[in-house]
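A quick write-up on the structure given underneath.
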């Protein structure tokens, strides 16, 4: 497929006796904003981490730009990862660093920018996520919503081609969650990136996705546009989006 | 019976995995050294945090190590009727060759090794290490290399301080508590002092520093399961480092002092 940026082929991953991913096949197109939904613990984050080789598959492969990422040298892997930006579930800011240092860390360590350039980029990215005047604070001094925004600024610092969001709204109140969703939609269109988000928050999924994929039982259960998700008679999907405890999904 | 073999096998696999993982980390540390010139800031920060900040603790334990070795030596000398003018020799040899390197290393394993594991372990379970990797930063170069270098350099330096302070501690106890003059004590110390002993002690300290750094980083990088997991990793780190320090100290003695 010509414009598939990321291809996931028959991906399998097991942790001890638990088969988390059991043959996932998924093509992610350039410029697409895809949201992977599914129950907590169904392997959404595990799938996301395979995309930048934070985890290695037991079977199957992931191709980025038609290259099998498991065959990249460590140098090539670093270069590939610099084309990605990732927002972690807990933001994963380095507590030993200030907000500015966190956002500028990837730029500084890539040694491709001067200190002045880094400062300028950091200020610009912090402004894009609506944060000014907190650059000198440590991450421990920030609220949950602010940490996510700093995590977002850090993820976009390197002007990535692909943005990965791991549960971007988890742990935030509904208003802050909605603000983060707005920010994601805005960033996706402004930066013209391909984005992959995993979430179990349906409101967030409908807002940011132009394609929704449901992961269930280690496999892709459903794949379609938000309108198709709403209209589907797939019982698993219906139970999940309605948040009902009655249905084919067993706890 | 079968269950016993199963448990034994599983335990065996776990130990082999751990030993293998430690050697792999060692290799990755060596490989990361080619980027050492990019990390002066990170290294100097760790030299300060792990080394300089350990100094007060080393000073306190060294005073008492020197003091008790002088007191015990004097007590034993009296018991066997040996002349007390040899006290400086006995304390000097014991401190420089064994007590300062080994006891300092054990205390540093408790302070620094535990600190490294707890810090890296928390970073692991809160995905900070994943975040580094996602930004194309090699966590071994960013986190392990500066800590290992700090341990390798600062433990011998701290032991050098410990030697000096412990001898002073021994001297004070000898003069005040045992009534051996400072001239006699220092003459005995100088008389038996060999530079080779000091160097061997410092080489040993470097080896202990390497063990503390490597085990501390390995356990931190492999912590999992939240706060409880980090706690478990920290305990394991201190236990393994302490045991390895004592085992390698014995091996070193056997190699160095052939009878």
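Residue numbers (our numbering), protein chains in the order written: chain A, 1305 to 1555; chain B, 385 to 643. The C-beta atom is built at its ideal place from N, Cα and C for all residues, glycine as well. Bear in mind the structure is a predicted one, so any value in this text is a computation, not a measurement.
Neighbour-count burial assignment, residue i, 16 or more Cβ in a 10 Å radius
i: residue 1393(A); result: buried
i: residue 444(B); result: exposed
i: residue 453(B); result: buried
i: residue 1416(A); result: exposed
i: residue 483(B); result: buried
i: residue 1386(A); result: buried
i: residue 1280(A); result: Residue coverage of chain A in this structure runs from 1305 to 1555, which leaves residue 1280(A) outside it and unanswerable.
i: residue 1500(A); result: buried
i: residue 1309(A); result: buried
i: residue 459(B); result: exposed
i: residue 462(B); result: exposed
i: residue 580(B); result: exposed
i: residue 605(B); result: buried
i: residue 522(B); result: buried
i: residue 389(B); result: exposed
i: residue 1531(A); result: exposed
i: residue 387(B); result: exposed
i: residue 437(B); result: exposed
CB-CB length for residue i against residue j, believed under 8 Å
i: residue 1340(A); j: residue 1355(A); result: Actually they do not touch by this definition, with Cβ atoms about 11 Å apart.
i: residue 1503(A); j: residue 1471(A); result: 6 Å
i: residue 625(B); j: residue 543(B); result: With a Cβ gap of about 15 Å, residue 625(B) and residue 543(B) do not count as contacting.
i: residue 1522(A); j: residue 1369(A); result: Not quite, the Cβ-Cβ distance comes to about 26 Å (not below 8 Å), so this is no contact.
i: residue 1397(A); j: residue 1443(A); result: 4 Å
i: residue 1541(A); j: residue 1506(A); result: Not a contact, Cβ separation roughly 10 Å.
i: residue 513(B); j: residue 519(B); result: With a Cβ gap of about 11 Å, residue 513(B) and residue 519(B) do not count as contacting.
i: residue 1438(A); j: residue 1426(A); result: About 12 Å; that fails the 8 Å criterion.
i: residue 577(B); j: residue 476(B); result: 6 Å
i: residue 1435(A); j: residue 1457(A); result: 7 Å
i: residue 1440(A); j: residue 1404(A); result: 7 Å
Under 9 Å from the C-beta of residue i: neighbouring residues of chain B
i: residue 1392(A); result: 510, 511, 512, 514, 515, 518
i: residue 1308(A); result: Within chain B, no residue comes near residue 1308(A); the closest Cβ sits about 22 Å away, beyond 9 Å.
i: residue 1332(A); result: Within chain B, no residue comes near residue 1332(A); the closest Cβ sits about 17 Å away, beyond 9 Å.
i: residue 1512(A); result: Simply none; closest approach about 20 Å.
Per-residue contacts from residue i into chain A (C-beta, under 9 Å)
i: residue 331(B); result: With chain B represented from 385 up to 643, any question about residue 331(B) goes unanswered, as that position is not in the structure.
Within chain B, the residues that residue i reaches when beta carbons sit closer than 8 Å
i: residue 1385(A); result: 517, 518, 519, 520
i: residue 1410(A); result: 519, 520, 521
i: residue 1388(A); result: 518
i: residue 1312(A); result: By Cβ distance, chain B contributes nothing, its closest Cβ being about 18 Å from residue 1312(A), past 8 Å.
i: residue 1460(A); result: Neighbours of residue 1460(A) on chain B: none; closest Cβ ~12 Å, over 8 Å.
i: residue 1553(A); result: What residue 1553(A) touches in chain B: nothing, since even the nearest Cβ is about 26 Å away.
Cα-Cα separation, residue i to residue j
i: residue 1455(A); j: residue 1535(A); result: 34 Å
i: residue 553(B); j: residue 541(B); result: 18 Å
i: residue 469(B); j: residue 637(B); result: 27 Å
i: residue 1449(A); j: residue 584(B); result: 55 Å
i: residue 561(B); j: residue 455(B); result: 8 Å
i: residue 530(B); j: residue 1545(A); result: 48 Å
i: residue 1306(A); j: residue 1320(A); result: For residue 1306(A), the pLDDT reaches just 48, beneath the cut-off of 50, and the residue's location in the model is therefore unreliable, although a value from the coordinates is still provided. Straight-line Cα distance between these residues: approximately 37 Å.
i: residue 1384(A); j: residue 1362(A); result: 21 Å
i: residue 1323(A); j: residue 1402(A); result: 39 Å
i: residue 600(B); j: residue 1553(A); result: 43 Å
i: residue 627(B); j: residue 538(B); result: 20 Å
i: residue 1528(A); j: residue 1516(A); result: 6 Å
i: residue 499(B); j: residue 618(B); result: 8 Å
i: residue 435(B); j: residue 559(B); result: 31 Å
i: residue 528(B); j: residue 440(B); result: 25 Å
i: residue 491(B); j: residue 1479(A); result: 50 Å
i: residue 1632(A); j: residue 1453(A); result: Summary: the structure shown does not reach residue 1632(A), with chain A confined to residues 1305 through 1555, and so no result is reported for it.
i: residue 1578(A); j: residue 1433(A); result: Nothing can be reported for residue 1578(A), as the shown portion of chain A is limited to 1305 through 1555.
i: residue 511(B); j: residue 391(B); result: 31 Å
i: residue 471(B); j: residue 569(B); result: 6 Å
i: residue 1547(A); j: residue 1520(A); result: 15 Å
i: residue 1374(A); j: residue 1380(A); result: 10 Å
i: residue 1431(A); j: residue 1311(A); result: 33 Å
i: residue 557(B); j: residue 442(B); result: 18 Å
i: residue 525(B); j: residue 430(B); result: 13 Å
i: residue 1468(A); j: residue 1389(A); result: 6 Å
Identity of the residues DSSP links to residue i by a beta bridge
i: residue 1469(A); result: 1391(A), 1501(A)
i: residue 1308(A); result: 1333(A)
i: residue 1520(A); result: 1523(A)
i: residue 1326(A); result: 1316(A)
i: residue 1372(A); result: 1367(A)
i: residue 1402(A); result: 1442(A)
i: residue 1515(A); result: 1338(A)
i: residue 1528(A); result: 1516(A)
Partners in chain B for residue i, counting only beta-carbon separations shorter than 7 Å
i: residue 1396(A); result: 510, 511, 512, 514, 515
i: residue 1356(A); result: 518
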